[in-house]
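If you read the sequences in order, they're chains A and B.
Position in the first sequence (from 1) plus 61 gives the number in this note's numbering.
Position in the second sequence (from 1) plus 61 gives the number in this note's numbering.
Structure first, then comments.
Number of protein chains: 2
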Amino acid sequence: MFRTELCDLLGIEYPIIQGGMAWVSYYELCSAVSEAGGLGLLAGSRMTGDELRAEIRQVKERTKKPFGINIPLLRPEADDLVRVSIEEGVHAVFTSAGSPKKYTQRMHDAGIKIVHVSPNATLAAKAAAAGVDAVVAEGVEAGGHNGTDEITTMALIPQVVDRVDIPVIAAGGIADSRGFLAALALGAKGVQIGTRFITTHEARVHPNFKKAVLDVGETGTVITGRALGVVRCIRNRLAERLLEAEKRGAGREEVLEIIGPGRSERASIEGDVEEGTVYCGQIAGLIHEIKSAKEVIQEIMEGAEALFRGLEKTAAR
Amino acid sequence: MFRTELCDLLGIEYPIIQGGMAWVSYYELCSAVSEAGGLGLLAGSRMTGDELRAEIRQVKERTKKPFGINIPLLRPEADDLVRVSIEEGVHAVFTSAGSPKKYTQRMHDAGIKIVHVSPNATLAAKAAAAGVDAVVAEGVEAGGHNGTDEITTMALIPQVVDRVDIPVIAAGGIADSRGFLAALALGAKGVQIGTRFITTHEARVHPNFKKAVLDVGETGTVITGRALGVVRCIRNRLAERLLEAEKRGAGREEVLEIIGPGRSERASIEGDVEEGTVYCGQIAGLIHEIKSAKEVIQEIMEGAEALFRGLEKTAAR
């Protein structure tokens, strides 16, 4: 059920993409998602080319199914990561934070699908014009880095769908079958899910991080660092300090000084979920249990079918 | 199609509520929406009891169908508005900004349904425990006053649905059939729509206001006044001054001074859409035309049916 044109485009069974999250999305998660019928993504964002190559080879040992790489284009290693992706022959590259134009031809020549992540319809249309095969439209409820316009998924998806002729993948606020079906109703041809995949057995992130996501509740994430860029994370001690600084009008430099280096690693690797940055989507309040990536995908697909049949009854009433 | 239990509860044909918007939702809009099969609401928020009574009587001359009143409970005239609503025998009262507990028994004794507007699941559960008949769960993409937690509709609705046993009405980010169907997929039994009804012939608001909403685009609304409370409005000259003040850490008093009195009237009645507050939802980018309330409702219902049939084909593929 719900086999959309995105499935055909990417050669996958279910239109579910696992977000490429720095410090989380390594070969264990990526291969598990792809093997379960979705599209797993490795997070290229904090890897060297060689590290990415090693991860790709690990994925290939675990699944013959398609998988991809997420590459934020503003990072200095972006060129390297693109080269390795082509050399190793991955199925899809998801680009963000920069223009994909430079890479679309090379990707297509190499038989790789290129998908660009956009926080608004204007950038999505620009990416489509640059030749990408699909766009991810990501709402501000998503964890991690977001667009400065802070458009929500509900408002964003139909506006992007109206602007581009390629498949739109909805991201932000989706963790179960209800979000999945809502995304399709809004006109998306699939979903990209991040936070729900952090709380899987296969996510290679510190157990404290997973527990923090499970415990966060409906109101526990905040936007911090608006002076630098929009980031959604858990409201912990570090976030409170940042919010307090912003409230009294602290500038870019002071905010940078408060953050300092390595906050993401501190949470993700060391497990310090009070003094590290815990990237987390607002939908975390809906997540209560660590499961396998396969269970997550199966529950979404089976749940969406049941939900659809329920709506059908309402419709026929 | 899509006749839900909310329709039974409120005695309406389609599960579409028109938001009770101050300076916008008077008898013309309210009666048109109810006559077209939805539930029209009068905005009690800036009226005296006598003014409300006059509006109610105008509605009754125009439709025999159910309609309701929106009453923000923090306003000094709330008691008066409740009294008039009971005396005049309206069908439903929508409360917000305060606890509905004080009024539930009186409403039920008078045969009036009471629905409470909540920005998070905790307050929704509290309202349900207080005996309301349904809740509106309103995401931060909505125009006007929002909850301080800034939860988006996509993240909010399923979390509220999981917490209460009464019908949930989704609000925020809904302007067409896609948003309507997405809301039902998320578990809502109906929708409350504000911004799309501002841009109707029947909305009694200055033409400049309607034009500003039509022109706003996807990135033209902002949250201002976080020091006082969360308000979504159009990014005009007034909003820019507020944002600038917030950025440099201005406190509550300075922000209040910048706002000064009568900003809402200045936009809604005088039509000054640069120096007045233009309440507007983020979904305005999707709205390109002024229509009648009836057209809006019919397009949503017919569109949702077509959309559903389309998804059915995907499902059967």
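Don't be surprised by glycine CBs; every beta carbon is placed ideally from N, CA and C.
Practice item. Would you kindly report the start and end of the unbroken alpha helix (DSSP H) that includes Gly129 (chain B)? Key: Unbroken run through Gly129 (chain B) is the beta strand (DSSP E), Phe128 to Pro133; no alpha helix (DSSP H).
Practice item. List the residues of chain A whose Cβ lies closer than 7 Å to the Cβ of Asn181 (chain B), in chain order. Key: Glu279 and Thr280
Point to revise | Cα-Cα separation between Tyr87 (chain A) and Ala93 (chain A), rounded to whole angstroms | key: 10 Å
Check your understanding: With 8 Å set as the bound, which would you pick, yes or no: does the beta-carbon of Asp237 (chain B) sit closer than that to a beta-carbon of chain A?
Key -> yes
Point to revise | Lys352 (chain A) (DSSP reduced to helix, strand or coil) | key: strand
Check your understanding: Would you say the beta carbon of Gln79 (chain B) comes nearer than 7 Å to a heavy atom of the ligand PLP?
Key -> The ligand PLP is absent from the structure shown, which contains no ligand whatsoever.
Check your understanding: With distances taken from CA atoms, which of B:Ala139, B:Ala153, B:Gly312 and B:Leu142 is nearest Gly99 (chain B)?
Key -> B:Ala153
Point to revise | Contact the stretch 238 to 258 of chain A vs the stretch 67 to 84 of chain A: 3+ CB pairs below 8 Å | key: yes
Check your understanding: Counting Cβ pairs closer than 8 Å, one from the stretch 263 to 282 of chain A and one from the stretch 172 to 185 of chain B, do we hit at least three?
Key -> yes
**Study point:** chain A contact residues for Lys308 (chain B), given Cβ-Cβ distances below 7 Å
**Key:** Gly310
Point to revise | Continuous beta strand (DSSP E) assignments of at least 3 residues falling wholly in the stretch 190 to 219 of chain A | key: 195 to 199 and 205 to 207
Practice item. Mind the definition here: the stretch 134 to 151 of chain B touches the stretch 193 to 213 of chain B only if three or more C-beta pairs lie below 8 Å; say whether that holds. Key: no
Check your understanding: Between the C-alpha atoms of Gly363 (chain B) and Ser238 (chain B), what's the straight-line distance to the nearest angstrom?
Key -> One detail in the question is off: residue 363 (chain B) reads as Glu in this sequence, not Gly. Rounded to the nearest angstrom, the two C-alpha atoms are 8 Å apart.
Exercise for review: Would you verify that the beta carbon of Gln220 (chain A) is, or is not, closer than 8 Å to some beta carbon of chain B?
Suggested key: yes
Review point. Excluding sequence positions up to five away, which residues of its chain have a Cβ less than 6 Å from the Cβ of Leu113 (chain B)?
Key: Gly105, Leu142 and Val145
Point to revise | Residue environment, Ser329 (chain A), which counts as buried when at least 16 other CB atoms sit within 10 Å | key: buried
Review point. Does the beta carbon of Val201 (chain A) sit closer than 8 Å to a beta carbon anywhere in chain B?
Key: yes
Practice item. Would you mind reading off the limits of the beta strand (DSSP E) that contains Gly251 (chain A)? Key: Gly251 to Ile254
Practice item. Taking only the alpha-carbon atoms, compute the straight-line gap between Thr285 (chain B) and Arg293 (chain B) and give it to the nearest angstrom. Key: 6 Å
**Study point:** Sequence-distant residues of its chain with Cβ nearer than 7 Å to Thr261 (chain B) (five each side left out)
**Key:** Leu90, Ile351, Lys352, Ser353, Ala354 and Val357
**Study point:** Nearest-angstrom Cβ-Cβ length linking Gly342 (chain A) and His267 (chain A), presumed shorter than 8 Å
**Key:** The pair is not a contact, with the Cβ atoms about 18 Å apart (cut-off 8 Å).
Check your understanding: Do Ile348 (chain A) and Thr256 (chain A) have their C-beta atoms closer together than 8 Å?
Key -> yes
Point to revise | Glu116 (chain B) classed as buried or exposed, judged by whether at least 16 other C-beta atoms fall within 10 angstroms | key: buried
Review point. Under 7 Å Cβ-Cβ, which residues of chain B neighbour Gln343 (chain A)?
Key: Ile212, Thr213 and Ala216
Check your understanding: How big is the Cα-Cα spacing for Asp223 (chain B) and Glu314 (chain A)?
Key -> 43 Å
Check your understanding: If you draw a straight line from the alpha carbon of Pro133 (chain B) to that of Ala236 (chain A), how long is it in whole angstroms?
Key -> 33 Å
Review point. Name the DSSP bridge partner or partners of Asp174 (chain A)?
Key: Note that residue 174 (chain A) is Lys in the sequence shown here, rather than Asp. Lys174 (chain A) pairs with A:Ala153.
Review point. Which residues in the same chain have their Cβ closer than 8 Å to the Cβ of Gly346 (chain B), if we skip the five residues on either side of it in sequence?
Key: Val277, Gly278, Glu279, Thr280 and Gly281
Point to revise | Spatial neighbours of Tyr340 (chain A) in its chain, beta-carbon cut-off 6 Å, leaving aside the 5 residues before and after | key: Gly204, Gly205 and Cys294
**Study point:** the stretch 240 to 256 of chain B: positions lying closer than 7 Å to chain A by Cβ
**Key:** Gly240, Leu242, Ala243, Leu245, Ala246, Leu247 and Gly248
Practice item. Taking all protein chains shown into account, decide if Asp170 (chain A) is buried (16 or more other Cβ within 10 angstroms of its Cβ) or exposed. Key: exposed
**Study point:** Bridge-paired residues (DSSP) for Cys341 (chain B)
**Key:** The partner list for Cys341 (chain B) (beta bridge, DSSP) is empty, contrary to what the question assumes.
Point to revise | Ala311 (chain B) to Trp84 (chain B) span [Cα, whole Å] | key: 29 Å
**Study point:** Beta-carbon contacts of Arg107 (chain A) that lie in its chain and below 6 Å, excluding the five residues immediately before and after
**Key:** Ala83
Practice item. Please name the residue in A:Ser325, A:Phe128, A:Phe241 and A:Ala288 whose C-alpha comes closest to that of Phe389 (chain A). Key: Here chain A has residues from 62 to 378 only, and residue 389 (chain A) is not among them.
Point to revise | Those runs of the beta strand (DSSP E) which lie wholly inside the stretch 64 to 107 of chain A and span at least 3 residues | key: 77 to 79 and 101 to 104
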